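K.L.:
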Amino acid sequence: MNDTILCIGAVLWDVIGRSPRHMRLGNDVPGRITRIPGGVAMNIAMTLRRFGLQAELLTAIGRDAEGDELVAACTRMGMGTGHVYRSEDLPTDVYMAVEGANGLIAAIADAHSLEEAGDKILRPLTDGSLGSADAPYPGLIALDGNLTEELLGQIAQSPAFAAADLRIAPASPGKAERLLPLLRAPRATLYVNLEEAGLICAETFEDSAAAARAMQKRGAARVLVTDGSRPATAAGPDGLVTATPPEVLVTRVTGAGDTFMAAHIAAELGGATGAAALDRALQAAAAHISGGAAG
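Residue numbering for the sequence shown is 1 to 295, as defined by UniProt numbering.
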């Protein structure tokens, strides 16, 4: 199981309305509406599977029809669901977004069930199923900022996570500050965009390199900062590298950051480091944005 990447966080239904037109607030335009499995943890797991890696989900999913359908979809895609917390009284979570040719117009993430489930989703890491405080899980864990700040704080202090290679995503700018308890975790890598880095540092940055340096000064051991179509930066003990994403036609934006993170993890597990790993992650995110496959 240590070869398996644990993906902890939101697994839900993505309801996405997309239009090929530029949109403004209040527009009513033709387009397509899709319903697909999503959520930060799910998006990361899907990309890891496309790279041939094993992913185990730790999340909360309701015991409703939507939840049964979602678990079945995860299983078909080859993800481990044996440790998912299935709630009798909490509904399956949903994310809803509207996208136009000019990017994301608006979104609402209803992850209340994940938040209310709290540390129940982490039981396999403390009860001996996957690990415990005395024998912590030694593998890679992808952690989603959709968890509550209280729970993220518990994770930062928990001996059950002391041996893990933690890879952390904020989920959205609105939840970026939840990651503050994990900012100084010595075995953590944070994946943020420029806006999220600014919120975490309470500053405004001109570019990803400045944001990465500022996060390091605040204690981050490793950090990757993206900035849309502008250069992205990876910073860690071995220094700082910057690369520019490929130019592509934007057809979707939801899940791009999750794809970037998963592709970077896959690149590093495949032996790539520094600029090479960053470039592969940017290539995968560009493929996702343009409507192609990440792997």
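Just so you know, even glycine gets a beta-carbon here, dropped at the ideal spot from N, CA and C. Just so we're clear, the structure is a prediction, and the values are computed from it rather than from any experiment.
Cα separation between M1 and Y85?
P.N.:
Residue confidence is low: M1 scores 46 on pLDDT, short of 50, so the model does not pin down where it sits. Its coordinate-derived value is still stated next. Looking at the two C-alpha atoms, the distance is approximately 18 Å.
K.L.:
Thinking just about the alpha-carbon of each residue, which of R230, D238, T226, V250 is nearest to the one in H264?
P.N.:
Ranking the options by Cα distance to H264, first place goes to T226.
K.L.:
Pick out whichever of L269, A275, A277 has its Cα sitting closest to the Cα of L140.
P.N.:
Considering only alpha carbons, the answer is L269.
K.L.:
Closest to L240 by CA distance: which of M23, L278, L143, T92 is it?
P.N.:
Taking only the C-alpha atoms, the option nearest L240 is L278.
K.L.:
Does the distance from the CB of residue 297 to the CB of E195 come in under 8 Å?
P.N.:
It is not possible to answer for residue 297, since the shown part of the chain is limited to 1 through 295.
K.L.:
Measuring straight from C-alpha to C-alpha, what distance separates P30 and V253?
P.N.:
When rounded, the distance between both Cα atoms is 18 Å.
K.L.:
Our contact map puts A286 next to P246 with C-beta atoms below 8 Å; I'd like the distance itself, whole angstroms only.
P.N.:
Correct: roughly 4 Å between the Cβ atoms.
K.L.:
CB-CB under 7 Å to T81, same chain, minus the five flanking residues each way: which ones, in chain order?
P.N.:
Contacts found: L57, V71, C74, T75.
K.L.:
Closest to L90 by CA distance: which of E115, A41, G131 is it?
P.N.:
The candidate whose alpha carbon is nearest that of L90 is E115.
K.L.:
Applying the criterion that 16 or more other CB atoms from any shown protein chain within 10 Å of the CB defines a buried residue, is I289 buried or exposed?
P.N.:
Buried.
K.L.:
Would you give the residue range spanned by the beta strand (DSSP E) that D258 belongs to?
P.N.:
Run containing D258: none in the beta strand (DSSP E); it sits in the alpha helix (DSSP H), 256-269.
K.L.:
A111 and D93: beta carbons closer than 8 Å?
P.N.:
Against a cut-off of 8 Å, the Cβ pair of D93 and A111 comes out as a contact.
K.L.:
In three-state terms, what does DSSP make of S113?
P.N.:
In the structure shown, S113 sits in a helix (DSSP, three-state: H, G or I).
K.L.:
May I ask which residues mark the beginning and end of the beta strand (DSSP E) holding G274?
P.N.:
Taken as a continuous stretch (DSSP letters only), G274 belongs to no beta strand (DSSP E), being part of the alpha helix (DSSP H) at 274-289.
K.L.:
Leaving aside the five residues before and after A133 along the sequence, list all residues of the same chain whose C-beta is less than 6 Å from its C-beta, in chain order.
P.N.:
Cβ within range, chain order: P159, A160.
K.L.:
Could you pull out every residue in the same chain whose Cβ sits closer than 6 Å to the Cβ of P181, ignoring the five residues on either side in sequence?
P.N.:
Once the five neighbours on either side are set aside, the close Cβ partners of P181 are L152, G153, A156.
K.L.:
What number of angstroms, rounded off, separates the C-alpha of I36 from the C-alpha of V15?
P.N.:
For I36 and V15, the distance between alpha carbons rounds to 7 Å.
K.L.:
Helix, strand or coil, according to DSSP, for G17 in the structure here?
P.N.:
In this structure, G17 counts as strand in the three-state DSSP scheme.
K.L.:
What residue ranges within the region 167-209 form continuous beta strand (DSSP E) runs of no fewer than 3 residues, ordered along the chain?
P.N.:
Those beta strand (DSSP E) runs which fall completely within the region 167-209 and span 3+ residues are 188-193.
K.L.:
Thinking C-beta only, is A101 closer than 8 Å to P20?
P.N.:
In this structure, A101 lies closer than 8 Å to P20 by Cβ.
K.L.:
Quick one: what does DSSP say A97 is sitting in, helix, strand or coil?
P.N.:
Three-state result, A97: strand.
K.L.:
Using a threshold of 8 Å, state whether the C-beta atoms of G291 and T259 are closer than that.
P.N.:
No; because the gap between Cβ atoms is not below 8 Å, this pair is not in contact.
K.L.:
Sort A284, H22, G198 by Cα distance to I105 and report the nearest one.
P.N.:
I105 has its Cα closest to that of H22, out of A284, H22, G198.
K.L.:
Throw me the rounded Cβ distance for the E149 and R178 pair, which I believe falls under 8 Å.
P.N.:
Yes, E149 and R178 are in contact; Cβ-Cβ is about 4 Å, under 8 Å.
K.L.:
Could you check what DSSP says for R123 in three-state terms: helix, strand or coil?
P.N.:
Note: R123 maps to helix in three-state DSSP.
K.L.:
Alpha carbon to alpha carbon, what distance is there between A284 and A210?
P.N.:
Their backbone Cα atoms lie some 24 Å apart in a straight line.
K.L.:
Where does the unbroken alpha helix (DSSP H) through L70 begin, and where does it stop?
P.N.:
It spans 65-76 - the alpha helix (DSSP H) in which L70 sits, taken as one unbroken run.
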